[in-house]
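Chemist: Just so we're aligned: the sequence shown equals residues 468 to 593 in this note's numbering.
Beta carbons: idealized from backbone N, C-alpha and C, even for Gly.
Got a structure here, written out as structure tokens. Questions coming.
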Amino acid sequence: MKKVMVKLLSAAALAGMMVSPVQADEAAMAAAGADVFKRCEACHSVDSSKNAFGPSLIGVVGRQAASLPRFSYSEALQQSGITWTEDNLRQWVADNTKLVPGTRMRHVAITDTAEQDYLIAFLKTL
């Protein structure tokens, strides 16, 4: 009986250490998103203490637009009232000037929905 209990506990411990298919898929998407993000990193930092030409994107998912205190945003973005939901991020990376006319950010045109999925998965990890 004791051996059976030890085996069950060992199996349970191993199962707890295993990565679920969903976690593996999310990790793969985030890794692909890191590659897509290379188009963004010339202007955006992934360091919360540093802004570049654009603001840091640490914690961007769910954040109110134009809300970092150490960055000078365009008036158009300040007045947008946008929260960076997944849907708004998709619209932004597809055509930011359409979403917020008058923004200073140059148009990036990531229109492929798979690339958008990857990028958002990566941004969620920040």
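Going straight from the alpha carbon of P522 to that of A495, what length do you get?
Modeler: Taking the first residue of the sequence shown as 1, we reach residue 522 at position 55. Taking the first residue of the sequence shown as 1, we reach residue 495 at position 28. Taking the straight line joining both Cα atoms gives about 26 angstroms.
Chemist: How close, in whole Å, do the beta carbons of L593 and L524 come, if the pair is a contact with beta carbons under 8 angstroms?
Modeler: As a working mapping, residue 593 is identified with position 126 in the sequence shown. As a working mapping, residue 524 is identified with position 57 in the sequence shown. Right, the Cβ-Cβ distance comes to about 6 angstroms (below 8 angstroms), so this counts as a contact.
Chemist: Which same chain residues, not among the five before or five after D514, have their C-beta less than 8 angstroms away from its C-beta?
Modeler: Working through the sequence shown from its first residue, we reach residue 514 at position 47. Cβ neighbours of D514 beyond the five flanking positions: S523, I525.
Chemist: For F538 and D492, what's the separation of their Cα atoms in angstroms?
Modeler: Looking up residue 538 in the sequence shown gives position 71. Looking up residue 492 in the sequence shown gives position 25. Using only the alpha carbons, I get a separation of about 34 angstroms.
Chemist: Have a look at the DSSP bridge pairing and note the partners of Q531.
Modeler: Walking along the sequence shown from the start, residue 531 turns up at place 64. Bridge partners of Q531: T550.
Chemist: Given that a residue counts as buried once 16 or more other Cβ atoms are within 10 Å of its Cβ, and exposed if not, what is Q546?
Modeler: Start at 1 with the first residue of the sequence shown, and residue 546 comes out as number 79. So Q546 counts as exposed.
Chemist: What are the start and end residues of the alpha helix (DSSP H) that includes T580?
Modeler: Numbered from its first residue, the sequence shown carries residue 580 at position 113. Start and end: 580-591.
Chemist: Would you please state the rounded distance, in angstroms, between the beta carbons of I577 and E553? I believe it to be under 8 angstroms.
Modeler: Here the question's residue 577 lines up with position 110 in the sequence shown. Here the question's residue 553 lines up with position 86 in the sequence shown. In fact, because the Cβ distance is near 14 angstroms, the residues do not count as touching under 8 angstroms.
Chemist: Spatial neighbours of R571 within its chain, please: C-beta separation below 7 angstroms, excluding the five flanking residues on both sides.
Modeler: Position 104 of the sequence shown, counting from 1, holds the residue named residue 571. Here the set comprises S541.
Chemist: Just how far apart, CA to CA, sit L535 and N518?
Modeler: As a first step, residue 535 is located in the sequence shown; it is residue number 68 there, counting from the start. As a first step, residue 518 is located in the sequence shown; it is residue number 51 there, counting from the start. So the two alpha carbons sit approximately 10 angstroms from each other.
Chemist: Would you identify the three-state DSSP class for N563, choosing helix, strand or coil?
Modeler: Taking the sequence shown and counting its residues from 1, one reaches residue 563 at position 96. Here N563 sits in helix by DSSP.
Chemist: Please state the DSSP three-state secondary structure of G500.
Modeler: Position 33 of the sequence shown, counting from 1, holds the residue named residue 500. Helix at G500.
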